[in-house]
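Worksheet: the structure to be examined is printed underneath.
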Amino acid sequence: EMLASAYAPAARGAARVSRVRSAAASTSSPARVLRPFRPRPHEAWGHPRDSGGSPRRSAPSVVATPRFSGKRHAAVVPNALAGVAGASGSGGVLELVTLVARALAAALAAAFAAFLASAWRKKTSKDAHRPRIRAPASPRMRSLLAATPALHRAIDAPLLLQSSAMQLLAYLLKQRLDPPERFERETISTPDGGEIAVDWHGDADALPTDAPVVAVMHTLTGTARDFASFARCATERGFRVAVLLRRGHLGRPLKTPRFNLLGNAEDLDLHVAAVKKKYPRARKLFAYAESAGTGLAVRYAGEKGSSCAFDAMTMVCPGYDTTEGGAFSRFEPFLDAHLLKSVKNTFLFGANEQTWQTWSANEAAEKRCPSFDDLANTVTMAEFQRLAYGAEGFASLEEYHYATNPMGTVLEIETPTLVINADDDPVCTPSNVDDNAFCFDGACARALVRTPIGTHCCFYEGNTLVPRNSWAHVAALEFFQAVAEEK
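Residue numbers for the sequence shown follow full-length UniProt numbering, so the first one is 1 and each next one is one higher.
Structure (structure tokens):
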């Protein structure tokens with residue numbers, strides 16, 4: 001009885017197949033197409049077992065076959081196989097995409113964890129970001145350096161700003177998100193009809209008239225807005241800030257067809273005279289310069305020697321030699337393209353373009369110097385500087401380098417000068433420092449400080465992400481304070 005009950009379903013299935021074959025073989029009637037099997041509710045697709053505990057059944061489907069000799073045939077294919085055949089393409093791709101996405105997410109998570117671990121080690125290490133001082137033999141300079149606390153502690157870089165790229169990104173965001181500072185402009189006309197200016201930090205109005213003044217010399221395309229945080233920091237420490245704007249940096253068209261990538265000493269004389277006229281009782285006059293501005297400050301101080309108007313100077317991220325093969329040839333390619341675009345937009349294009357077109361047709365053609373089109377078509381900063389001598393008022397490239405290269409007068413500087421360079425600077429690269437380290441030898445008035453981090457003019461300090469202040473700003477102001485309190 002048990003065997004009979006076990007084989008009963010098989011017998012019924014065999015009988016059903018026999019009836020189907022008989023019907024298909026009959027020639028008296030056309031071929032029948034079987035209707036799809038409709039399972040009972042308890043045998044619905046997707047249930048692992050029916051109510052009787054038997055294995056899941058797959059409903060058969062009928063697929064028509066091509067005609068042969070006028071006869072139609074039908075093939076019964078399990079529905080499960082048909083589903084696999086139809087869905088294998090899209091399902092496989094979806095599964096592959098999911099696996100790749102999970103792998104990428106895991107890789108990113110691992111990389112971020114490694115980044116955080118590395119950043120934490122650097123932040124908690126006492127010596128990871130400690131400056132290295134190259135002090136001259138001068139007793140006075142050694143005394144001033146000893147009285148500058150920031151030079152003798154590590155830079156407390158924010159946890160997420162432990163690299164050059166992250167500090168540069170923070171710099172760009174800070175420029176756009178920082179609240180604007182109030183500056184009051186004093187415009188100065190040059191003898192040749194040009195225009196320069198002094199932007200005075202407005203929040204210093206409450207300071208006494210004899211408060212020391214810090215004259216700021218800006219970057220390649222800089223403005224007073226770029227020094228808002230420095231102005232706040234200096235004002236809190238009792239310094240009055242004056243940003244000295246070169247030709248083309250006033251936010252309006254050039255008055256004459258002339259600009260200066262590195263500035264010129266004659267215009268700086270006019271700046272200094274205006275500062276002294278406005279605050280004749282100021283106890284001290286200091287110079288703070290960044291990047292391209294350092295070239296003008298060093299050139300000026302070297303030319304003046306012992307008669308330099310500044311009582312002390314701080315140079316942040318100088319490029320040193322600006323002749324062929326020097327600083328302008330060593331920019332990182334991406335930053336080189338960015339700087340070139342900024343320079344062209346600042347000095348050549350927009351409202352200045354017609355001025356330069358007229359200049360090209362007259363003065364440039366007469367002097368046979370590179371034209372506006374030549375400058376506009378340059379592809380690197382080195383090429384632009386090489387062709388810009390005519391637009392800067394010089395008869396030749398040699399004359400331009402002789403008048404503007406800071407290394408030509410650096411050894412004549414007698415003013416106490418603190419120079420700060422970062423090892424991770426992609427603009428004023430470490431090779432610039434190495435090639436010109438000789439200018440800090442002997443009993444000179446110049447000292448070099450090199451830092452492991454700081455990139456180009458950033459040197460941010462803080463806890464996690466938002467910079468609290470710039471270490472370079474603090475070091476510069478402490479150095480000035482040491483000079484002001486010197487006996």
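Glycine included, C-beta positions come from ideal geometry on N, C-alpha and C. Since the model is a prediction, treat every value here as computed from it, not as a measurement.
query: Contact check, S164 vs D425, beta carbons under 9 Å; result: yes
query: Sheet register partners of W200 (DSSP bridge); result: E184 and A242
query: Helix, strand or coil at N469 [DSSP, three-state]; result: strand
query: A301 beta carbon less than 9 Å from that of E184; result: no
query: Chain-order list of residues whose beta-carbon lies under 7 Å from that of R153 (same chain, five-residue window excluded); result: none
query: R299 to R468 span [Cα, whole Å]; result: 33 Å
query: Inter-residue CB distance, C444 and V316 (contact presumed, cutoff 8 Å); result: The pair is not a contact, with the Cβ atoms about 19 Å apart (cut-off 8 Å).
query: Stretch-stretch touch, CB-based, cutoff 8 Å, three pairs: the region 204-219 with the region 236-248; result: yes
query: Enclosing beta strand (DSSP E) for Y389 [first to last residue]; result: It is not in any beta strand (DSSP E) - Y389 carries neither H nor E in the DSSP assignment.
query: Through-space distance from E95 to H47, alpha-carbon basis; result: Residue confidence for H47 is low, a pLDDT of 43 falling below 50, so the modelled location carries little weight; the figure read from the coordinates is stated next. Their backbone Cα atoms lie some 24 Å apart in a straight line.
query: Test: V449 CB closer than 9 Å to a CB of chain C; result: Structure shown: chain C not included; a single protein chain is present.
query: CB of A376 within 9 Å of CB of K344, strictly; result: yes
query: Selected residue, minimal CA-CA separation from P180, among A135, A472 and R232; result: R232
query: Alpha helix (DSSP H) runs wholly inside the region 122-175, at least 4 long, in chain order; result: 139-146
query: Supposed contact pair R134 and I196 - C-beta distance, whole angstroms, cut 8 Å; result: Contact flag wrong, Cβ pair sits at about 34 Å.
query: As assigned by DSSP and simplified to three states, the class of H73; result: At H73 the pLDDT is 42, less than 50, meaning the model places this residue with poor confidence; the figure from the coordinates comes in the next sentence. Three-state result, H73: coil.
query: Alpha carbon of A170 to alpha carbon of L348, nearest angstrom; result: 28 Å
query: Same chain, Cβ closer than 7 Å to A150, five either side skipped, listed in chain order; result: W471, V474, A475 and E478
query: Integer Cβ distance of T322 from T404, believed to fall under 8 Å; result: 7 Å
query: Straight-line gap, H218 to P406 (C-alpha atoms, nearest Å); result: 15 Å
query: Short Cβ contact (9 Å threshold) for N418 with L145; result: Correcting the residue identity first, residue 418 is Leu in this sequence and not Asn. Against a cut-off of 9 Å, the Cβ pair of L145 and L418 comes out as a contact.
query: Neighbourhood of L254 by C-beta distance below 7 Å, restricted to the same chain and skipping five residues each side; result: R247, G248, N352 and T355
query: Separation of F310 from T409, as counted between CA atoms; result: 16 Å
query: Buried or exposed by the 16-neighbour rule on C-beta atoms within 10 Å, applied to R258; result: buried
query: S291, buried or exposed, once every other Cβ within 10 Å from all chains shown has been counted against 16; result: buried
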